[in-house]
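*Asks:*
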Ligand code: NDP
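In structure tokens, the structure reads:
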């Protein structure tokens, strides 16, 4: 069915992608993805979290690069800028952040294989939808796009989200020693930065990044990854907030789950 770009394969795959989002929303009613603080009890093969993250995220940069460089517009200015943003984003998400993670002895095998496999569907689809749209289908990504308010607003939102995400990941990382001692508690209450307002500022930053991406690419590929991220991270943020409140009696009472002062 050609309803968006005119390319039957792309448009049909995108519809399937939105159906996948619906599946994530339904699945989230049954619990959180089995990694990290919610990874312990789920059955199945479990990876060390750094390996789990790298494996899960790998299709996003790989598929993007393969599809992008086959695209007819891959040598154009705006697509090249988006390529640069993609490389920065996935260098952090797929390699830098996982490699910097400080893994507690209690979480050495906490990343369930089911998360990697379902993650592959999302990361591969995301790489394909974005690269094919940017390098083949988008007609608006000419140099004039760089002065379009949608590009400027989108980039600003993306940058704020990315910085909030990277900073928040650094705050939780620094709660543990470089080589965590088995005697130190696995989890502590994080303070500072976005944690002054919400329990999951890294998730808020991630969602803002993809909101910005959807706006500055002005694409349904961007809407797809924004919805995937929200479907995963909104319920996880709410569950994380409840988890903190249950674990720590002195947990800051005015801290919200995900959106400052609201949710
Ligand atoms: P978390 O903040 O839950 O965990 C990140 C790391 O910090 C883990 O090593 C975790 O250890 C540790 N940690 C977490 N809380 C504490 C604490 N209170 N005290 C000490 N250590 C702590 O984030 P996620 O692992 O869920 O996500 C990592 C990044 O990936 C985030 O930036 C997130 O936004 C992004 N992400 C993006 C998704 C998307 O759909 N685009 C989906 C999921 C995540 P442990 O493993 O032991 O819990």
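Residue numbers (the working numbering): -12 to 250. Don't be surprised by glycine CBs; every beta carbon is placed ideally from N, CA and C.
Please report the straight-line C-alpha distance between residue 92 and residue 205, rounded to a whole angstrom.
*Replies:* Answer to the nearest angstrom: the Cα atoms are 44 Å apart.
*Asks:* Figure out for me which residue from 18, 208, 192 and 9 has the closest Cα to the Cα of residue -8.
*Replies:* Closest by alpha carbon: 208.
*Asks:* Say whether the segment 207 to 222 touches the segment 3 to 15, bearing in mind that this needs 3 or more beta-carbon pairs closer than 8 Å, one atom from each stretch.
*Replies:* Judged by Cβ distances under 8 Å, the segment 207 to 222 makes contact with the segment 3 to 15, as three or more pairs qualify.
*Asks:* Can residue 128 and residue 65 be called in contact, C-beta distance under 8 Å?
*Replies:* Yes, they are a contact pair.
*Asks:* Unbroken alpha helix (DSSP H) runs of length 4 or more, entirely within the segment 22 to 110: which are they?
*Replies:* 36 to 44, 46 to 56, 64 to 78 and 84 to 87, all fully within the segment 22 to 110.
*Asks:* Among all the DSSP beta bridges, which residues are the ones paired with residue 210?
*Replies:* Answer is none; residue 210 lacks a bridge partner.
*Asks:* Do residue 191 and residue 181 have their beta-carbon atoms positioned less than 8 Å apart in this structure?
*Replies:* Yes, Cβ-Cβ distance for residue 181 and residue 191 is below 8 Å.
*Asks:* What is the DSSP secondary structure of residue 166, reduced to helix, strand or coil?
*Replies:* Note: residue 166 maps to coil in three-state DSSP.
*Asks:* For the ligand NDP, I want to know if residue 1 counts as a neighbour, meaning its beta carbon is within less than 7 Å of at least one of the ligand's heavy atoms.
*Replies:* Not under cutoff, so the answer is no.
*Asks:* Kindly confirm or deny that the segment 75 to 85 and the segment -7 to 6 touch, where touching means at least three C-beta pairs closer than 8 Å.
*Replies:* Output reads no: the segment -7 to 6 does not touch the segment 75 to 85.
*Asks:* Relative to the C-alpha of residue 48, which candidate in 154, 118 and 222 has its C-alpha closest?
*Replies:* Of 154, 118 and 222, the residue nearest in Cα terms is 118.
*Asks:* My guess is that residue 34 and residue 98 are in contact by the Cβ rule of under 8 Å, so how many angstroms apart are they, rounded?
*Replies:* Going by Cβ atoms, the distance from residue 34 to residue 98 rounds to 4 Å, so yes, they are a contact pair.
*Asks:* How far does the alpha helix (DSSP H) with residue 136 in it reach, from first residue to last?
*Replies:* Per DSSP, residue 136 belongs to the alpha helix (DSSP H) from 136 to 160.
*Asks:* CB of residue 219 to nearest heavy atom of the ligand NDP: below 7 Å?
*Replies:* Result yes, Cβ under 7 Å from the ligand NDP.
*Asks:* Please return the same chain residues whose Cβ sits closer than 8 Å to the Cβ of residue -5, not counting the five positions on each side in sequence.
*Replies:* Taken in chain order, the residues that qualify are -12 and -11.
*Asks:* Any heavy atom of the ligand NDP closer than 7 Å to the Cβ of residue 257?
*Replies:* Any property of residue 257 remains undetermined from this structure, which presents the chain solely from -12 to 250.
*Asks:* Whose CA, out of 234, 211 and 106, lies closest to the CA of residue 5?
*Replies:* The residue with the shortest Cα to Cα distance from residue 5 is 211.
*Asks:* For the ligand NDP, any of its heavy atoms closer than 7 Å to the Cβ of residue 91?
*Replies:* Residue 91 Cβ: within cutoff of the ligand NDP.
*Asks:* On a CA-only basis, which of 112, 179, 19 and 26 is nearest residue 96? Give me that one, please.
*Replies:* Looking at the Cα atoms, 26 is the closest of the given residues.
*Asks:* Closer than 7 Å to a non-hydrogen atom of the ligand NDP - does that hold for the CB of residue 162?
*Replies:* Result yes, Cβ under 7 Å from the ligand NDP.
*Asks:* In this structure, does DSSP put residue 12 in helix, strand or coil?
*Replies:* In the structure shown, residue 12 sits in a helix (DSSP, three-state: H, G or I).
*Asks:* Mind checking whether the beta-carbon of residue 215 lies closer than 7 Å to any heavy atom of the ligand NDP?
*Replies:* Checking every heavy atom of the ligand NDP against the Cβ of residue 215, one is found closer than 7 Å.
*Asks:* Does at least one heavy atom of the ligand NDP sit under 7 Å from the Cβ of residue 152?
*Replies:* Residue 152: yes, Cβ under 7 Å from the ligand NDP.
*Asks:* Considering just the uninterrupted stretch of the alpha helix (DSSP H) at residue 204, what are its terminal residues?
*Replies:* Looking at the DSSP string, the run of the alpha helix (DSSP H) that includes residue 204 is 188 to 204.
*Asks:* Grouping DSSP H, G and I as helix and E and B as strand, with all else coil, what is residue 215?
*Replies:* Residue state, collapsed to three classes: helix.
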